[in-house]
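The next block holds one structure in the form of structure tokens; read it before the comments.
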Amino acid sequence: MADQASGNGEWPRAILSRKVLRADVAERLHSLDRYAAAIDSHAREIVEDAERIRTRRWQEGYAAGLAEGRRVILEEVLRQREAALAMLAELENSAVSLVIDATRRIIGELDDAEAITRMVDLSLAELRPFRTVAISVPPALLHRLKTPLRQLVERRLEGASVEITGSDDLTGSECRIATEGGFLQLSIEDLLAALQHEIGRQTDPDGRGTGT
Numbered sequence: 282m283a284d285q286a287s288g289n290g291e292w293p294r295a296i297l298s299r300k301v302l303r304a305d306v307a308e309r310l311h312s313l314d315r316y317a318a319a320i321d322s323h324a325r326e327i328v329e330d331a332e333r334i335r336t337r338r339w340q341e342g343y344a345a346g347l348a349e350g351r352r353v354i355l356e357e358v359l360r361q362r363e364a365a366l367a368m369l370a371e372l373e374n375s376a377v378s379l380v381i382d383a384t385r386r387i388i389g390e391l392d393d394a395e396a397i398t399r400m401v402d403l404s405l406a407e408l409r410p411f412r413t414v415a416i417s418v419p420p421a422l423l424h425r426l427k428t429p430l431r432q433l434v435e436r437r438l439e440g441a442s443v444e445i446t447g448s449d450d451l452t453g454s455e456c457r458i459a460t461e462g463g464f465l466q467l468s469i470e471d472l473l474a475a476l477q478h479e480i481g482r483q484t485d486p487d488g489r490g491t492g493t
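Residue numbers (our numbering): 282 to 493.
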């Protein structure tokens with residue numbers, strides 16, 4: 282038998298039932314969601330930290346490799362420099378030996394006083410075109426040599442401006458003559474001998490002396 286219509290003439294509607302979770306179950310689900318979100322966030326942080334560590338180690342390794350490469354290059358440059366200096370020193374020694382040997386063949390042994398005087402005299406002759414002559418001597422000898430040495434050089438190189446100074450890098454009886462064209466380093470004794478020899482020739486060509 283069919284259900285009767287309601288008082289308003291409509292069939293009665295079916296009442297829909299809705300399932301409601303218990304409070305403890307709902308809270309547990311929410312807790313699981315929060316826990317999953319926390320785990321995901323922590324996992325992202327771990328990945329980011331690992332990436333930063335990897336990048337930093339790569340950069341440190343690159344910097345270390347670069348520093349090592351520079352060190353190796355520097356060591357190689359220093360080795361090449363030392364080898365070049367050694368080769369130059371050997372060449373210089375060979376050149377000096379050749380010059381000494383040639384000089385001995387031309388004018389005799391270098392310990393001959395007259396030969397040394399002639400050599401120094403020839404060297405001084407090259408200074409004639411220059412107007413400024415600076416002579417350096419050991420500081421301990423400056424006071425004694427300044428005036429007589431200037432007078433001798435001025436007589437040898439007329440019109441030249443002569444300056445006598447002390448130099449700490451000269452030892453013993455060394456002296457250095459510098460001009461615009463270069464410098465000559467020799468012993469003070471050889472310089473004085475050459476100057477006196479030249480002045481003697483100028484004042485007394487026949488060897489009789491003029492009394493100057």
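Each residue gets a CB set at the ideal place from its N, CA and C atoms; glycine is no exception.
With fewer than 16 other CB atoms across the displayed protein chains lying within 10 angstroms of its CB, Ile-354 is exposed. With 16 or more other Cβ atoms from the protein chains shown falling within 10 Å of its own Cβ, Val-434 counts as buried.
Within the same chain, Ser-454 come within 7 angstroms of Glu-470 by CB-CB distance, once the 5 residues on both sides are set aside.
For Thr-446, the uninterrupted beta strand (DSSP E) run begins and ends at 442-447, by DSSP.
Ranked by how close their Cα comes to the Cα of Thr-428, the residues Pro-420, Val-414, Glu-444 and Glu-439 have Glu-444 in first place. Rounded to the nearest angstrom, the gap between the Cα atoms of Arg-412 and Phe-464 is 14 angstroms.
DSSP lists Val-443 as the beta-bridge partner residues of Val-414. In the DSSP assignment, Thr-460 falls within the unbroken beta strand (DSSP E) covering 455-460. The residue from Val-328, Ser-442 and Leu-422 with its alpha-carbon nearest to that of Ser-448 is Leu-422.
Less than 8 angstroms divides the Cβ of Cys-456 from the Cβ of Leu-472. With respect to the 8 angstroms criterion, Val-414 and Ala-441 are classified as neighbours on the basis of their beta carbons. Judged by DSSP secondary structure, Thr-428 falls within the alpha helix (DSSP H) whose first and last residues are 420-437. In the three-state reduction of the DSSP assignment, Leu-451 falls in the coil class. Rounded to the nearest angstrom, the Cβ distance from Leu-451 to Val-418 is 6 angstroms, consistent with a contact under 8 angstroms.
Here the C-alpha atom of Arg-315 lies approximately 39 angstroms from the C-alpha atom of Glu-341. In this structure, the straight-line span from the alpha carbon of Ser-468 to that of Glu-357 is close to 41 angstroms.
Leu-347 sits exposed, since fewer than 16 C-beta atoms from the chains shown fall within 10 Å of its C-beta. Annotation for Leu-426: Val-418 place their beta carbon closer than 6 angstroms to its own, counting only its chain and skipping 5 residues before and after. In this structure, the straight-line span from the alpha carbon of Arg-360 to that of Ile-416 is close to 38 angstroms.
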